[in-house]
Amino acid sequence: MAAVDSLDTLLISELRQLYDTEQRLTKAIPKLVEASSNSDLVNALSKHLNETRQHVARLEEAFGVLEAEAEAKTCVSSKGLISDADDRAGECERGSLRDAAIIGATQCIEHYEIAAYGTVIAHARLLGRNPVVRLLEATLSEEKAASQALTDIAERVVNPNVRAGVSEVRPRTTA
Ligand code: FE
Ligand code: ZN
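Under the working numbering, the residue at position 123 of the sequence shown is numbered 133, and the numbers go up by one with no gaps.
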């Protein structure tokens, strides 16, 4: 029999890939913070790092409710998007252009997460798993807010700086 033979097992498999994604992001976001210059971008990414740690915790709670082992299953898609974000940042000199690159690549990750959480919420709802639905909805709204915050920063400051040729370079910190 196939490993996934019901909506219950499909949901667990999907959650395990999200668990992999969120754990990978807790390691990837600090590098993006370090590579960023604009203070609003640094703050938005740092805030989302804290939220991402909550996303990991909520998934663990969901596994508990579903009586499934909290086990990560490699998500090749988000692994690739995270690696692209790293590459993209590395291609540009520190400054506004690199900030624009980081925002674009991070948006791809956020939109992946928004799509993936939308799916697991729909599947958990079909199964009548309302406590799981609520946990996942809390995360989805933070993913959407993070994406919106990045759009605002791009439109308000980073893209205008790129156009004006202003390179807002943040000195490396050891904080
Ligand atoms: Fe997340
Ligand atoms: Zn996110």
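Using N, Cα and C, we set each Cβ at its ideal position, and we do this for glycine too.
Following a CB-centred definition, is Thr62 positioned closer than 7 Å to any heavy atom of the ligand PLP? Within the structure as shown, the ligand PLP is missing, the only ligands being the ligand FE and the ligand ZN.
Considering only residues of the same chain and omitting the five flanking positions on each side of Pro141, which have a CB-CB separation below 7 Å? One-based indexing of the sequence shown puts residue 141 at position 131. Cβ neighbours of Pro141 beyond the five flanking positions: Val75.
Specify, as a first and last residue, the run of the alpha helix (DSSP H) that Thr19 falls within. Sequence index remark: in the sequence shown, residue 19 carries index 9 (1-based). First-last of the alpha helix (DSSP H) with Thr19: Leu17 to Ala45.
Go ahead and label Ala95 buried or exposed: buried means 16 or more other beta carbons lie within 10 angstroms of its beta carbon, across all protein chains shown. The residue labelled residue 95 in the question sits at position 85 within the sequence shown. Answer is buried; the Cβ neighbour count reaches 16.
Classification of Glu153 by the beta-carbon crowding that lies within 10 angstroms, buried from 16 upward: On the sequence shown, position 143 is the one that residue 153 refers to. So Glu153 ends up on the buried side.
Kindly indicate the opening and closing residues of the alpha helix (DSSP H) around Leu136. Numbered from its first residue, the sequence shown carries residue 136 at position 126. Residues Ser106 to Leu136.
Distance, Cα to Cα, Gly128 vs Val167? By one-based count along the sequence shown, residue 128 stands at place 118. By one-based count along the sequence shown, residue 167 stands at place 157. Their backbone Cα atoms lie some 30 Å apart in a straight line.
As assigned by DSSP and simplified to three states, the class of Ala164: Taking the sequence shown and counting its residues from 1, one reaches residue 164 at position 154. Correct three-state label for Ala164: helix.
From which residue to which residue does the alpha helix (DSSP H) around Thr62 run? Sequence index remark: in the sequence shown, residue 62 carries index 52 (1-based). Where Thr62 is concerned, the enclosing alpha helix (DSSP H) stretches over Ser49 to Leu76.
To the nearest angstrom, report how far apart Lys41 and Leu25 are at their CA atoms. Within the sequence shown, the letter at position 31 stands for residue 41. Within the sequence shown, the letter at position 15 stands for residue 25. Computed Cα separation, rounded: 25 Å.
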